[in-house]
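Contents: one structure, followed by commentary.
Numbering (the working numbering), first residue to last: 63 to 224.
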């Protein structure tokens, strides 16, 4: 008899109490989806949209006016571009490191953090890829200049020759 009492106390509580059919379960779960968003969420959405607009306007300005906007001079070849490239690659390494450490220690609770860390890595690498592409000065030629290939006659083009 004592074992039955212990088992009842250790049994987890149901997530939704009471008798639920499909209709009431749908209503209770979808209530959060159908309610109006809070002001804080809308403020963060507007802030994110403003940041995205700032990113695209900065890229458009860089393409239109050139990479001289970044502070490049004759002795300084990369300036702003190399700093941001190294920063975003470092953020990508941090996400990989977090995921690897949690996997190495075989943590059972790591799945959500691993997803976040791996998504952070992917977005950081995508962000870092912008800087070599924009640094070429003409992003529409960036694929050819960053990954050159020999022509059919095995002639490598030399753009600086007279």
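Just so it is clear, CB atoms sit at the ideal spot from N, CA and C, and this is done for glycine as well.
Between the segment 138 to 147 and the segment 162 to 174, are three or more C-beta pairs nearer than 8 angstroms? Remark: fewer than three beta-carbon pairs, one from each stretch, lie closer than 8 angstroms, so the segment 138 to 147 and the segment 162 to 174 are not flagged as touching.
Would you mind sorting residue 90 into buried or exposed? The rule is 16 or more other CB atoms within 10 Å of its CB. exposed
I need the boundaries of the alpha helix (DSSP H) containing residue 190, first residue and last residue. 173 to 197
With a cut-off of 8 angstroms, do at least 3 Cβ pairs link the segment 120 to 136 to the segment 190 to 197? yes
Cβ-Cβ separation, residue 93 to residue 150 (assumed contact under 8 angstroms), whole Å: Cβ-Cβ separation between residue 150 and residue 93: approximately 40 angstroms, too far for a contact (criterion under 8 angstroms).
With a Cβ-Cβ cutoff of 8 angstroms, do residue 147 and residue 181 count as a contact? no
8 angstroms CB neighbourhood of residue 106 in its chain, flanking five on each side removed: none
Give me, in chain order, the residues of the same chain whose beta-carbon lies closer than 7 angstroms to that of residue 85; leave out the 5 immediate sequence neighbours on both sides. Sequence-distant partners of residue 85 (beyond 5 residues in either direction) whose C-beta falls short of 7 angstroms from its own C-beta are missing from its chain.
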